[in-house]
Every structure is written in C-alpha cells, then in structure tokens.
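Numbering-wise, the numbering used here puts 186 at position 105 of the sequence shown, and it's gapless, one number per residue. Beta carbons: idealized from backbone N, C-alpha and C, even for Gly. Notes follow once the structure below has been shown.
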Amino acid sequence: MPKKIELRDALIIELNSNKYLKDLHQKLLKTYGYRVFGRSASLDNKEVQDLLTFADIMAKTEDVELEQTALEIVICLSKLYSDSHSIKFYKNMIFEELGNYSRFEEDSFDFDNSVDSLIGRIQKKNEQSKRRFPVGDGYFIGEQRELYNSISEDLNSFSAPTSMGKSFLMKMFIEEKVRSGEGKNFVYLVPTKALITEVTNDLCDRLGDGLKNQGYRIVNHFDSIGGDDPWTHFIYVMTPERFEYLLMNNFPSVIDYLFIDEAQNISKADGRSTVYYRIFDLLKGTDLHPKITFAAPLVENPGIYETLSNIEKGSSLKANLSPVSQVYFVIDKEGQVEIYDRISIEFIIMDNLKMGSTDSSVNSLLHRINGQNLVYRNTINNAVSGACSWAENCQVYPDYRNQWVSKYIAEQVHDGYYLSDLVLKGVGYHFGKIPDEVRSKIEISFCKGLIDTLFCTSTLMQGVNLPADNIIIDNTRNGGSDMNAIQFKNLTGRVGRLSNSMLGNVFTIATSDRAKKKFKKLIRPNGMEVELSLDTLIDGKTIRKISKDLKAGDLTLQSVREEKVNQAKFDAIRKFALIYLNDLQNASDNIITEHFNKEISSDDQMAIKRKFVEKYGDRIEDDVNFSVDQSVELEERIKETEIDYPPITSLDGELNIAGTLSFLRDLSEIYNWPKYETDIAANDENELVLHDYAEFLLRWMSGDSLYQLCDYVIEKRKTYFNYLDRSEKIRNKLGINGNRWGNGSMDETNLSIHVTLEALSTIQFKFSNYFLKFSRTLKNELNTNVLENDWYQYLEYGTIDDNVIWLEQLGYSRSSAIKIVQSNVGATDEDVLGQKVVLIDRLKSIRNEEINLETERIIKNYPDVFVNEVN
Numbered sequence: 082m083p084k085k086i087e088l089r090d091a092l093i094i095e096l097n098s099n100k101y102l103k104d105l106h107q108k109l110l111k112t113y114g115y116r117v118f119g120r121s122a123s124l125d126n127k128e129v130q131d132l133l134t135f136a137d138i139m140a141k142t143e144d145v146e147l148e149q150t151a152l153e154i155v156i157c158l159s160k161l162y163s164d165s166h167s168i169k170f171y172k173n174m175i176f177e178e179l180g181n182y183s184r185f186e187e188d189s190f191d192f193d194n195s196v197d198s199l200i201g202r203i204q205k206k207n208e209q210s211k212r213r214f215p216v217g218d219g220y221f222i223g224e225q226r227e228l229y230n231s232i233s234e235d236l237n238s239f240s241a242p243t244s245m246g247k248s249f250l251m252k253m254f255i256e257e258k259v260r261s262g263e264g265k266n267f268v269y270l271v272p273t274k275a276l277i278t279e280v281t282n283d284l285c286d287r288l289g290d291g292l293k294n295q296g297y298r299i300v301n302h303f304d305s306i307g308g309d310d311p312w313t314h315f316i317y318v319m320t321p322e323r324f325e326y327l328l329m330n331n332f333p334s335v336i337d338y339l340f341i342d343e344a345q346n347i348s349k350a351d352g353r354s355t356v357y358y359r360i361f362d363l364l365k366g367t368d369l370h371p372k373i374t375f376a377a378p379l380v381e382n383p384g385i386y387e388t389l390s391n392i393e394k395g396s397s398l399k400a401n402l403s404p405v406s407q408v409y410f411v412i413d414k415e416g417q418v419e420i421y422d423r424i425s426i427e428f429i430i431m432d433n434l435k436m437g438s439t440d441s442s443v444n445s446l447l448h449r450i451n452g453q454n455l456v457y458r459n460t461i462n463n464a465v466s467g468a469c470s471w472a473e474n475c476q477v478y479p480d481y482r483n484q485w486v487s488k489y490i491a492e493q494v495h496d497g498y499y500l501s502d503l504v505l506k507g508v509g510y511h512f513g514k515i516p517d518e519v520r521s522k523i524e525i526s527f528c529k530g531l532i533d534t535l536f537c538t539s540t541l542m543q544g545v546n547l548p549a550d551n552i553i554i555d556n557t558r559n560g561g562s563d564m565n566a567i568q569f570k571n572l573t574g575r576v577g578r579l580s581n582s583m584l585g586n587v588f589t590i591a592t593s594d595r596a597k598k599k600f601k602k603l604i605r606p607n608g609m610e611v612e613l614s615l616d617t618l619i620d621g622k623t624i625r626k627i628s629k630d631l632k633a634g635d636l637t638l639q640s641v642r643e644e645k646v647n648q649a650k651f652d653a654i655r656k657f658a659l660i661y662l663n664d665l666q667n668a669s670d671n672i673i674t675e676h677f678n679k680e681i682s683s684d685d686q687m688a689i690k691r692k693f694v695e696k697y698g699d700r701i702e703d704d705v706n707f708s709v710d711q712s713v714e715l716e717e718r719i720k721e722t723e724i725d726y727p728p729i730t731s732l733d734g735e736l737n738i739a740g741t742l743s744f745l746r747d748l749s750e751i752y753n754w755p756k757y758e759t760d761i762a763a764n765d766e767n768e769l770v771l772h773d774y775a776e777f778l779l780r781w782m783s784g785d786s787l788y789q790l791c792d793y794v795i796e797k798r799k800t801y802f803n804y805l806d807r808s809e810k811i812r813n814k815l816g817i818n819g820n821r822w823g824n825g826s827m828d829e830t831n832l833s834i835h836v837t838l839e840a841l842s843t844i845q846f847k848f849s850n851y852f853l854k855f856s857r858t859l860k861n862e863l864n865t866n867v868l869e870n871d872w873y874q875y876l877e878y879g880t881i882d883d884n885v886i887w888l889e890q891l892g893y894s895r896s897s898a899i900k901i902v903q904s905n906v907g908a909t910d911e912d913v914l915g916q917k918v919v920l921i922d923r924l925k926s927i928r929n930e931e932i933n934l935e936t937e938r939i940i941k942n943y944p945d946v947f948v949n950e951v952n
C-alpha cells in the first residue's frame with residue numbers, strides 16, 4: 082500500500098522538482114537583472130501569470146524557502162510591471178498570506194460581493210486585529226508577533242533577518258510597558274555610543290510626555306543627572322562597559338528587563354566581548370533578576386547566548402522568513418555577470434552582459450544602476466578614496482540642497498575635510514572614527530535622499546539602518562580578516578527595507594578567482610552557526626598556559642603572550658583569565674569557570690589561590706579591566722606619595738604639558754604600561770608619543786572644539802610631519818605615500834584630520850579607564866564623592882567647565898553645550914532651592930537650529946529642568 086503523504090508536503094516536493102518553475106524563475110531573474118543594468122527584457126503574459134500562480138501556491142506551503150521565493154517573485158514582478166493590476170492583486174494576497182499587513186504601498190481593489198469574498202474579508206480583518214501593534218499604528222509582520230511575545234519570558238533569545246526590526250520590537254515593548262503604568266525598569270545595551278544616541282532619541286520621540294506622566298527617565302551614563310532618584314523609573318540605554326561599571330558600584334535600582342541588542346558581539350574574538358560575560362557574572366552576585374532578551378541578526382543557534390545567564394532554560398526563536406528580498410549579483414574580473422537563483426542554489430550567467438575591468442567596475446556600476454547606493458569597503462582609506470573617486474563623476478546639486486550639512490561638517494570638523502565637499506554632490510563616507518554628531522547628519526541626509534551614494538566600512542554591521550536600494554561589495558575582507566557568512570548576511574541585509582523598498586540589489590565584485598569562489602560561498606545559505614568568543618579564543622592549550630602563569634602569580638601571562646601575537650586577541654584572553662581568577666577567589670561558578678576547569682585540576686585551582694593569597698593577601702580585584710597588581714600599586718602610591726592630578730594650566734597660564742607628562746609617566750609605572758600598554762608606556766621610544774598625547778589631552782579637556790583641534794594638528798604637522806603618529810602607523814595603514822612635506826595638499830590635510838580623530842579615540846578609550854580607576858581610588862582614600870580636579874570627568878566631557886559638563890549630562894552634545902555656555906545669554910541658572918535649571922527663552926535667543934533640535938528631545942526626558950524664569 083502506498084505511503085500516505087500530506088497535500089502540503091506533496092506540493093513542496095513537486096515545487097522543488099518542477100523544471101518549468103525553475104526555468105520560469107531563472108527567466109524572471111534574468112529579465113529583472115537586465116532591467117537593473119538598463120537593458121531591454123520582458124516576460125510574456127502567460128509567463129507572468131504562471132509565475133503569479135506558482136507564487137500563490139508557494140506562499141501557502143509553510144516552507145520558508147518556498148515562501149521566500151514567492152515574495153521574491155511578486156516583488157520582482159511588481160518592480161518590472163509596476164502598473165499591473167493583476168500583479169498588485171497577487172502581491173496583496175501573498176503578503177497577507179505571509180502575515181504582512183504593513184505594506185509600503187497600499188493598493189485597493191474592488192472585490193465582488195459573493196459569500197466567499199465576504200468571508201475572506203472577515204478573516205482578513207480578524208487576522209489584522211490579532212496582528213495590530215499594542216501601541217501606535219501598524220501591524221506585526223511574519224513572525225514578529227511571536228518574537229514580541231517572547232520578550233515577556235524570563236530568558237529569551239531570538240534571531241531574525243536585518244529587516245525584521247528587532248530593535249523596533251524591543252523599543253515598542255518598552256513603550257507598551259511604560260504607557261501601561263506598570264512601573265518597570267529597563268536596561269537596553271547597545272554596542273556603540275552612536276547607537277546610544279539613536280535609541281535614546283527614538284524612545285524620547287515614542288514616549289514624549291509619557292516619560293513625565295509615568296515618572297520615567299532615560300539614563301545614558303552612570304553619572305547622568307537624577308540617575309539615583311528613588312522615586313523615578315529608569316530606562317538605561319548604555320554600552321556594556323557603562324552598565325558593567327554601574328553593576329560594580331552598587332547599582333541603585335531594580336532591573337525588570339535587560340535587552341542585549343546586536344548580541345552577535347558576544348561572539349567577536351576581542352576584549353569587548355568579555356564585558357558581556359562579566360555583566361552576567363556580576364548580576365549573579367546581586368538581588369537583580371531581570372527578564373533577559375538577546376537579539377541578534379539571523380543565526381542558526383541564537384540559544385547559545387543564553388548560556389551566559391544562570392537561568393536554566395529560555396525561549397529560543399529564529400525567524401527565517403525575511404519580509405523583504407535581496408537579489409545577488411556576482412561580477413568577476415572579466416566583467417561577466419551572474420545572478421543567484423535561490424531555487425537551484427546556482428548562479429546563472431547573464432548572457433551578453435559584461436561590465437568593464439575591475440579597476441573601474443564600482444564607478445561603472447554606479448553609472449548604470451538607479452536608486453540609493455551603499456558601497457562597502459574593508460578599510461577607512463578605501464572608503465574615503467572610493468567616495469572621492471566617484472564624486473569626480475558627479476555634479477554639485479544645482480539647488481545646493483546639501484549646503485546645510487556641508488556647512489555643519491565644515492564647522493564641526495574642518496573646512497578642509499573631504500566630506501564637507503563630497504556631500505554637495507550627494508556622496509559621503511561613513512565609518513567609526515567620524516564624530517557621532519557628523520555621522521548622524523550623514524545618516525539623516527541619506528534617509529532623506531540628500532545623499533545618493535555612501536561608502537561605508539563595517540560600521541554597517543553594528544545596527545545602522547539606512548534605506549538603500551543597492552549595495553556594492555568589492556572585497557571579501559572585514560578589516561584584516563575574512564568576512565564570515567553571518568557578517569555578510571548582516572551587511573547585505575541593509576538593502577531592501579520594510580519602510581522603503583521591498584527589494585534590494587547586492588552587487589559583489591570579484592577581483593580574483595578566489596574572491597569569486599568566496600562570494601559565491603557567502604551568498605549560498607550556509608555557515609550561519611555562531612560560537613561564543615570564550616570557545617573561539619580559549620582552547621585547551623591556552624588554558625594550560627594560563628594555568629601555568631597564574632600558578633606562578635604572573636598576571637602578565639607571559640607564556641600566553643609568547644604564542645598569541647595578535648594584541649586584540651591576547652587582551653581578550655587576559656580578560657577571560659582575570660574573570661576566571663576573580664571567580665576562583667570568590668568561589669563563583671559560571672560558564673567561564675566551567676570552561677577553564679575542564680583543563681585546570683582542583684589541585685591547580687588551589688595552587689593558584691594560594692599563590693595570590695601569598696602575594697596579595699585577601700585582596701581581590703573586581704574590575705577585570707585591571708589586575709590586582711595594578712590596583713595594589715595604585716593604592717600604595719596614593720597613600721605613600723599623595724599623588725594627584727596636576728593642574729590643567731601652569732603658573733604662567735599656559736597648558737601644563739610638563740606636569741601632565743610627569744603624571745602620565747607616573748601612571749605608566751603604577752599601571753605597568755610597559756607590560757600592559759606598550760604603545761603608550763613611558764620609555765625612550767615613546768617619549769614623543771606621550772608628549773603629543775599630553776598636549777592633545779590638555780587641549781581637549783580645556784574645551785578646544787574639534788575644529789580647533791584639527792586646525793592645530795594640521796598646522797603642527799606642517800613642521801612635525803608625524804605629530805600624533807610618531808611611528809607613522811596611521812599613514813602606512815591608510816596607504817598614504819605622498820610627499821610628507823607637501824604642505825597644503827589635501828591628502829596631508831585629511832590625513833591630519835584623521836590623525837586627530839584617531840588621537841581623540843585613543844585618549845577617550847585608552848586613558849579613560851585609567852583615569853576612572855585613579856579617580857575612584859583617590860575618592861576612596863580621601864573619603865569624598867567629588868574631586869575638585871577630576872580628570873576622568875574632564876576627559877569624558879571634554880571640558881573643565883561645570884556648566885558645560887552639566888548640560889552634557891542632560892544630553893546635549895559637547896559642541897552644543899559649549900555654544901550655550903559661550904553664548905553668554907545666561908541660559909543656565911539656579912532656582913530658589915539651588916537646583917540648576919535651563920531658561921527656555923534665553924536658550925531660544927541663541928537661535929541655533931542644532932541646539933533647538935537637541936532641546937526638543939532633552940526636554941521630554943528632563944521636563945522639570947526647563948523653565949521660563951527662575952522662581
């Protein structure tokens with residue numbers, strides 16, 4: 082007797098093996114591809130109707146690959162024949178079948194009045210009502226509703242395509258809870274400072290007066306104003322490092338929900354990934370028991386991140402179906418174009434279609450395609466040079482529509498900065514070292530269609546959402562490493578956005594046979610499983626070396642360092658080792674101790690503990706950014722010598738470079754920089770390096786604007802060509818080989834600007850932790866909460882002016898805060914209770930659009946701080 086089979090399963094088998102469907106789908110792809118490249122091609126009416134029929138059937142199969150193909154078919158057809166009533170009809174039906182009632186373009190139809198039609202409309206309304214957002218307008222699409230509901234679980238991890246709006250769902254969940262009056266506290270972790278601003282702005286816009294009405298405040302920093310108010314509920318939007326600091330210092334609040342956005346960063350083999358492990362280590366030792374959500378782009382095993390938590394079992398969901406489609410093209414070194422067919426999982430040659438040589442292929446491609454474009458480059462220099470090369474082909478917009486952003490960039494950074502001129506032609510570049518405020522303006526301009534083409538580095542993989550039609554990728558590298566499948570899908574998922582175009586084109590340009598093979602491997606669906614960085618970095622051999630070093634009391638881990646040449650990986654390994662040591666001393670068990678103890682016997686564990694008791698007594702270092710030897714040395718030096726931060730200026734009123742240099746030398750000795758920070762260690766080789774940083778640090782803390790800093794460095798480097806880049810690492814890394822004495826050349830001007838931005842990043846991220854540790858230890862010794870000369874605060878906010886610091890703590894950008902204070906209109910004052918306030922009318926009298934925009938957001942978060950007059 083024949084084996085029974087469900088009708089749906091039979092359809093899936095038939096569709097997957099149907100030769101006519103495969104041939105028809107390939108013809109559709111070719112037709113679409115030719116149109117993209119400006120060539121004439123079309124399908125006949127029967128072919129269109131048959132494709133629509135196949136798509137309709139595939140949408141009902143509940144097979145993800147077939148459903149995705151159904152979407153691809155109707156979206157491609159609607160692009161080819163945008164006025165076709167029949168295609169619009171099928172597109173609506175298929176979207177609704179796949180749970181999408183929030184379409185970008187709404188099409189209306191006249192249905193007949195039959196009983197079947199009436200029943201269908203009732204069913205549609207019923208399904209729509211189930212999918213309606215709990216707050217605001219709109220409907221959940223696809224599997225969004227299931228993802229949203231899972232956020233209420235005690236432990237939850239989910240992954241979904243970039244276009245599924247993971248961040249959107251978490252922010253909407255916060256909005257629903259705030260408006261419901263439940264009085265919950267939230268922590269929302271993002272990987273970059275730029276995303277802090279983006280998420281905060283979005284939440285302020287969403288919640289508006291709800292923040293005040295429900296008694297909420299959004300907090301971005303551990304010293305934000307009102308961050309310890311016991312009568313206020315909080316939404317903490319922070320980087321993992323800032324939240325870790327809060328946890329280490331007796332976190333004053335309750336956490337009901339913890340959201341970890343871009344959770345794939347837990348898999349990155351760098352020191353930052355260790356912070357996530359430490360956060361859960363610290364949470365375990367508190368009374369805080371938040372509900373936890375990990376959100377990552379599409380990976381096969383999102384549940385792997387749940388192992389960081391001490392909750393035994395959670396909800397792990399993977400949304401496979403993307404509501405938008407990407408069409409992948411591969412262009413080889415001969416200019417041959419191939420298009421990816423998701424049904425056959427093969428690449429189809431586009432006959433009689435050839436691009437130019439790879440030397441000019443990006444520009445040639447940009448000339449031929451329509452829409453807004455992202456161009457991925459694996460290095461900063463490649464992004465900048467690519468943008469400049471393409472801009473030579475473009476004209477300044479005749480209506481000067483981008484003059485405002487050009488002027489803003491020139492004022493904020495420098496009028497010699499390439500980017501200021503590029504945006505006038507609708508071209509830009511985007512990478513991590515660009516100041517957050519400028520990068521935000523570039524993103525806004527792109528979203529408004531004022532920038533057509535944006536050259537980007539891997540910052541696109543960090544949750545940046547830009548409504549692009551096309552992305553061009555001409556390198557299989559992510560920085561200096563090979564791009565993996567997850568990074569590639571995260572990158573290509575940036576084109577085709579729900580709120581904009583439902584279809585995105587991905588153009589890969591292979592400059593070699595190897596690159597062509599690599600691109601094809603990345604495009605095919607595979608390799609989407611992730612590992613934890615703990616497993617990637619710490620193998621059995623490495624653990625045994627760590628054990629050897631720790632048993633000897635060697636916190637520099639010389640045995641490990643001899644083998645691990647890569648500094649970033651070594652720093653991560655050392656932090657894991659310090660977390661393990663801390664847990665060993667505190668008798669704490671977690672994922673890290675479990676991993677290490679597979680190779681470290683109980684006898685060796687005891688030997689390690691005895692060694693550190695012998696050397697440091699009962700002293701345990703909780704902050705794994707430091708080792709106990711550094712902390713002990715710091716405490717002893719403060720007690721014995723009363724070391725303190727030097728004055729910013731010397732007796733003659735000049736910047737105190739000599740005193741600062743002497744202080745940095747002291748820190749080098751205290752923190753053992755020759756072992757732990759070789760780039761800035763105080764030695765003969767680095768004497769000029771430290772002198773440069775001392776001067777630059779003082780200028781930043783004294784309140785020099787970024788423009789002033791850039792201008793100073795440009796002029797300084799005309800005499801000292803390698804100022805702030807003494808080893809010429811930056812010059813060499815960027816591949817700038819022009820005449821080093823070419824004063825006034827644009828290459829040298831922009832190199833100097835980039836050196837300035839690099840130096841600013843270095844002092845903020847390298848010196849910041851050391852200053853914070855110094856300030857905390859000094860406060861403990863002096864038994865005070867406030868230092869009169871706190872360089873950590875001066876460095877963090879880039880000023881010694883208390884009013885500027887206060888305005889930045891409210892949420893103003895540094896440049897806006899400085900402008901408010903320097904305007905001398907008296908915009909800040911104190912009320913009768915001695916509380917600082919902002920006088921709205923005086924603030925408006927400054928007539929600065931940027932300040933007004935920032936005020937609109939900040940006033941929602943701090944309504945009581947803004948008054949018309951002091952009472």
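- A straight line joining the alpha-carbon of D630 with that of P321 spans about 29 angstroms.
- Taking a 10 Å sphere around the C-beta of M253, we find 16 or more other C-beta atoms and assign the residue as buried.
- C-alpha of D760 to C-alpha of K696: approximately 28 angstroms in a straight line.
- In the displayed model, Q543 falls within coil according to three-state DSSP, outside both helix and strand.
- In the displayed model, H511 falls within a strand according to three-state DSSP.
- With a cut-off of 8 angstroms on Cβ pairs, the segment 505 to 524 is in contact with the segment 532 to 541, counting three or more such pairs.
- Pairwise C-beta distances place the segment 652 to 667 out of contact with the segment 379 to 393, as fewer than three of them are shorter than 8 angstroms.
- By alpha-carbon distance to A596, the top candidate from L613, K414 and Q476 is K414.
- One Cα belongs to D871, the other to L888, and the distance between them is close to 17 angstroms.
- The DSSP assignment places complete beta strand (DSSP E) segments of no fewer than 3 residues inside the segment 561 to 617 at 584 to 590, in order along the chain.
- Listed in chain order, the alpha helix (DSSP H) elements of length 4 or more contained wholly in the segment 652 to 692 are 672 to 677.
- F846 counts as exposed, since fewer than 16 other C-beta atoms from the protein chains shown sit within 10 angstroms of its C-beta.
- Nearest neighbour of R260 by Cα position, chosen from S240, G291 and A275, turns out to be G291.
- Counting other Cβ atoms within 10 Å of its Cβ, W781 reaches 16 or more and is therefore classed as buried.
- Following the DSSP letters along the chain, one finds Q149 inside the alpha helix (DSSP H) bounded by residues V145 to L161.
- For G577, the CB contacts under 7 angstroms within the same chain, skipping 5 residues up- and downstream, are S244, V405, S406, Q407, M583, L584 and G585 in chain order.
- Counting only unbroken stretches of 3 or more residues, the beta strand (DSSP E) elements lying wholly within the segment 913 to 943 are 917 to 920, in sequence order.
- Q209 sits in a helix when the DSSP states are folded into three classes.
- Each of Q789, A840 and V418 was checked against the Cα of K810, and the nearest Cα belongs to A840.
- According to DSSP, Q417 shares a beta bridge with K435.
- With a cutoff of 8 angstroms on beta-carbon distance, L779 and T741 are scored as near each other.
- Two segments are said to touch when three or more pairs of C-beta atoms, one from each, lie closer than 8 angstroms; by this definition the segment 423 to 437 touches the segment 146 to 162.
- Between the segment 159 to 168 and the segment 112 to 119, the count of Cβ pairs shorter than 8 angstroms is three or higher; the stretches touch.
- Nearest in C-alpha terms to N850, of all of Q711, V951, S833 and V948, is Q711.
- In chain order, E148, A151, I175, E178 and L179 place their CB closer than 7 angstroms to the CB of A140, counting only its own chain and leaving out the 5 sequence neighbours on each side.
- Residue burial annotation: T367 is exposed, with fewer than 16 other C-beta atoms found within 10 angstroms of its C-beta.
- Cβ atoms of G119 and N237 stay farther apart than 8 angstroms, at about 47 angstroms.
- For the 8 angstroms CB-CB criterion, G507 and C475 form a contact.
- Assignment of beta-bridge partners to Y317 by DSSP yields V268 and V300.
- Spatial neighbours of K435 in its own chain (CB-CB distance under 8 angstroms, excluding positions within 5 residues in sequence) are listed in chain order as E415, G416, Q417 and V418.
- One alpha carbon belongs to Q209, the other to R449, and they sit about 41 angstroms apart.
- For I719, the CB contacts under 8 angstroms within the same chain, skipping 5 residues up- and downstream, are T858, L859 and E862 in chain order.
- Fully contained in the segment 752 to 819 are the following alpha helix (DSSP H) runs of length 4 or more, in chain order: 754 to 757, 768 to 782, 787 to 800 and 810 to 815.
- Secondary structure note for F410: its beta strand (DSSP E) is the uninterrupted segment S406 to I412.
- Across the structure, V545 and L868 are spaced so that their CA atoms are roughly 38 angstroms apart.
- Taken through DSSP and simplified to helix, strand or coil, V951 comes out as coil.
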